[in-house]
Every structure is written in C-alpha cells, then in structure tokens.
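Below: one structure, written as structure tokens.
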Amino acid sequence: MPIQYYLFLSFALFSIGIMGALMRRNAIIIFMCIELMLNAVNLLLVAFSKLYNDASSQIFVFFIMVVAAAEVAVGLAVIVMMYRRVHSVDINILNRLKH
Amino acid sequence: MDLFEILFWILTIGAISSALGVILSRNPINSVICLIATFFAISGHYVLLNAQFLAVVNIIVYAGAIMVLFLFVIMLMNLNADVEPQKSRLVQFAGIISGGILFLVILAALRDSKINGTLEKSANSVGLIENLGKTLFQNYVLPFEISSVLFLSAMIGAMVIGKKEPSNDLPERSPNQN
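Top line first, the protein sequences correspond to chains A and B. Just so we're aligned: 75 in the working numbering is position 75 of the first sequence, and the numbers increase by one with no gaps anywhere. So the number in the working numbering is just where the residue sits in the second sequence, counting from 1, plus 99.
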C-alpha cells in the first residue's frame with residue numbers, strides 16, 4: 001500500500017472539514033468540523049509512523065488528542081454560555097466586535 | 100487485491116462518506132452520529148497501520164467521551180432541523196469552492212514532493228503499549244507533565260465560564276421570569 005493513498009485520504013478529510021467550517025452557521029457543527037480536521041492530521045501522523053517505524057509520531061497523536069479534549073471542554077462551555085445569553089448557536093449573531 | 104486493500108478501501112469509503120454526512124446533514128444529531136462513524140473508520144485505519152493502542156484510545160476518547168459531550172450539549176439546547184440556521188446558497192457555494200481549491204493545491208504540491216514509500220503489511224511492535232510507554236516516558240516526559248497543567252487549566256476555565264453569573268446585570272437572560 002503506497003503512502004500516497006493515506007495522504008490523499010487525510011487531505012480529503014481535512015478539506016471536508018474546511019468546507020464544513022466555511023459552509024455551516026451552527027457553532028457546534030463548526031466545532032465538529034475542527035475535530036474532523038484534527039483527526040485527519042492524526043491519521044497522517046500514524047501513517048508516517050508506520051512508514052518510518054518510529055513511535056514518536058504516535059506520541060504526537062496522543063498530545064493532539066489531549067489538546068482536542070481540552071479545547072472541546074472550553075469551547076462547549078463558551079457555546080453553552082452564549083446560548084444562555086442569546087438563545088441561539090448561530091455564529092452570525094456574534095458580530096458585536098464588528099460594530 | 101488482498102484482504103488488506105479491500106479493508107483499506109472499505110474504510111476509506113466509509114470515512115469519506117460519513118465525513119460528508121457530517122457537513123451535509125441538516126439535523127445536528129445526525130451530524131454527531133456521522134462523526135462517530137468517521138471516528139470508527141479512522142480507528143479501523145489505525146488497526147491496519149499497526150497502531151492498536153491508538154485505535155482503542157481513539158474510540159474511547161473521541162467516540163466515547165468527546166462525542167457524548169457534544170450530544171449532551173445538543174440535547175441541552177434542544178436543537179433540531181427546524182431551528183437550524185442556514186447560510187445563503189452563495190456562501191455555501193463559495194465554501195465548497197474554496198475547500199476544493201485547497202484540496203487541489205495540496206495535491207499539486209504533493210505531486211512534486213519526494214515522499215514515496217510503501218507501507219509493508221508485516222506487523223511490528225511500534226504501536227504496542229509497551230513501546231509507546233517507553234517512548235513517552237523517556238523522551239517526552241516534559242510535554243506529558245505540561246499537558247497535565249493544560250488539562251487542569253482547561254477544566255478550571257470551563258467551570259469558570261460555565262458558572263452562573265449574578266442575575267442583576269442582565270435581566271433579559273433569566274429564563275424563569277418569562
């Protein structure tokens with residue numbers, strides 16, 4: 001199995017995540033697209049770990065998972081607070097910094 | 100085409116189609132379920148790549164913990180397809196075009212790269228927990244400890260953000276009065 005197949009798969013998943021983050025207005029869906037992009041990078045790291053027989057990139061995958069978990073905890077807390085204030089998760093409402 | 104390649108293509112098609120389901124479904128619950136399916140497909144890829152421990156951790160942490168957190172938040176807000184805000188067609192089209200252009204640019208950059216190699220199908224012991232633990236605690240002890248500090252600060256930050264404020268400054272957000 002050439003390494004290019006895994007590269008194509010990871011890039012496809014990453015691009016799908018980018019498209020979702022640009023297309024949707026729901027803040028939770030945008031968060032899920034960010035998780036999708038992080039997982040695409042994880043898959044790429046594991047593929048290169050297999051290619052070079054090195055365990056360091058799998059350790060990096062652990063750290064990416066740690067950062068993703070912390071990010072989700074803080075981000076969902078922010079979204080819940082925003083929902084309490086404006087009763088919506090639409091990101092187009094959050095434009096107070098523009099005015 | 101042997102079993103390895105058949106499994107690779109099945110998992111690839113599953114991952115990409117369920118990832119498309121994440122961004123295309125109207126209902127946020129369906130998006131979460133499609134994302135869990137994507138994570139299972141990626142875990143299958145980890146097993147094919149001899150990263151067995153990472154496959155299990157991916158299922159436990161992502162599909163088990165993070166997605167349940169998402170589901171709880173969606174359940175708490177009572178979101179469904181009727182109240183789902185949609186961007187205009189022009190913005191959606193622009194998003195798809197720019198994502199596709201990014202994909203094309205990365206593929207074009209990949210064509211000229213020197214990365215080529217073949218993943219052999221033989222099993223090795225890189226992804227086993229013994230080897231990973233030795234690498235983690237011999238070479239990466241300091242990032243491990245710093246990540247514990249990161250977790251602690253994220254936990255405290257989530258609690259501080261989610262704490263109820265005294266309700267005298269914002270009278271319009273108390274829902275039990277209206």
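Note that beta-carbon positions come from the ideal geometry of N, C-alpha and C, so glycine has one too.
| field | Cβ-based contacts, 8 Å cut-off: residues of the stretch 206-220 of chain B near chain A | value | Of all residues in the stretch 206-220 of chain B, Leu206, Leu209, Ile214, Asn215, Gly216, Thr217, Leu218 and Lys220 have a Cβ within less than 8 Å of some Cβ in chain A.
| request: Quick one: residues in its chain with C-beta nearer than 8 Å to the C-beta of Ala136 of chain B, no 5 flanking neighbours on either side, listed in chain order? | output: Taken in chain order, the residues that qualify are Gly113, Ser117 and Gly120.
| said: Quick check: what's the CA-CA separation for Val67 of chain A versus Leu251 of chain B? | reply: Cα to Cα, the separation comes out at about 12 Å.
| query | Leu175 of chain B touches chain A at which residues, Cβ-Cβ below 9 Å? | reply | Simply Val80 and Tyr83.
| What in chain A is Cβ-close to Leu102 of chain B, meaning under 8 Å? | Result: empty, since nearest Cβ-Cβ is about 12 Å, beyond 8 Å.
| Using a beta-carbon distance below 8 Å, is Leu97 of chain A in contact with chain B? | Judged by the 8 Å Cβ criterion, Leu97 of chain A is not in contact with chain B.
| task | Return helix, strand or coil for Asn26 of chain A, following the three-state DSSP convention. | result | Here Asn26 of chain A sits in strand by DSSP.
| request: Could you tell me whether the Cβ of Met41 of chain A comes closer than 8 Å to any Cβ of chain B? | output: As written in the sequence, residue 41 of chain A is Val, which differs from the Met given in the question. By this cut-off, Val41 of chain A is not an interface position.
| task | Report the rounded CA-to-CA distance for Ser306 of chain B versus Met166 of chain B, giving the unit in angstroms. | result | Summary: the structure shown does not reach residue 306 of chain B, with chain B confined to residues 100 through 277, and so no result is reported for it.
| request: Under 8 Å Cβ to Cβ from Phe138 of chain B, same chain only, skipping five residues before and after it: list those, please. | output: Closer than 8 Å at the Cβ level, and outside the excluded window around Phe138 of chain B, lie Asn157, Ile158, Tyr161, Ala162 and Met166.
| query | Does any CB atom of chain A fall closer than 8 Å to the CB of Phe202 of chain B? | reply | With its beta carbon less than 8 Å from one in chain A, Phe202 of chain B belongs to the interface.
| Between the stretch 232-240 of chain B and the stretch 55-69 of chain A, do at least 3 Cβ pairs fall closer than 8 Å? | The stretch 232-240 of chain B vs the stretch 55-69 of chain A: in contact.
| request: Could you tell me the distance, in whole angstroms, from the CA atom of Lys98 of chain A to the CA atom of Ile34 of chain A? | output: Distance between the alpha carbons of Lys98 of chain A and Ile34 of chain A: 24 Å.
| task | Using a Cβ-Cβ cut-off of less than 7 Å, give me the residues of the stretch 106-117 of chain B that come near chain A, in sequence order. | result | For the stretch 106-117 of chain B, which is checked against every Cβ of chain A, the residues closer than 7 Å are Phe107, Thr111, Ala114 and Ile115.
| field | Cβ neighbours of Asp90 of chain A in the same chain (closer than 8 Å, five flanking residues each side left out) | value | Excluding sequence positions up to five before and after Asp90 of chain A, its CB lies within less than 8 Å of the CB of Arg25, Asn26 and Ala27, all in the same chain and listed in chain order.
| request: Could you tell me which chain A residues have their CB closer than 7 Å to the CB of Gln191 of chain B, listed as they occur along the chain? | output: Correct list: Met23.
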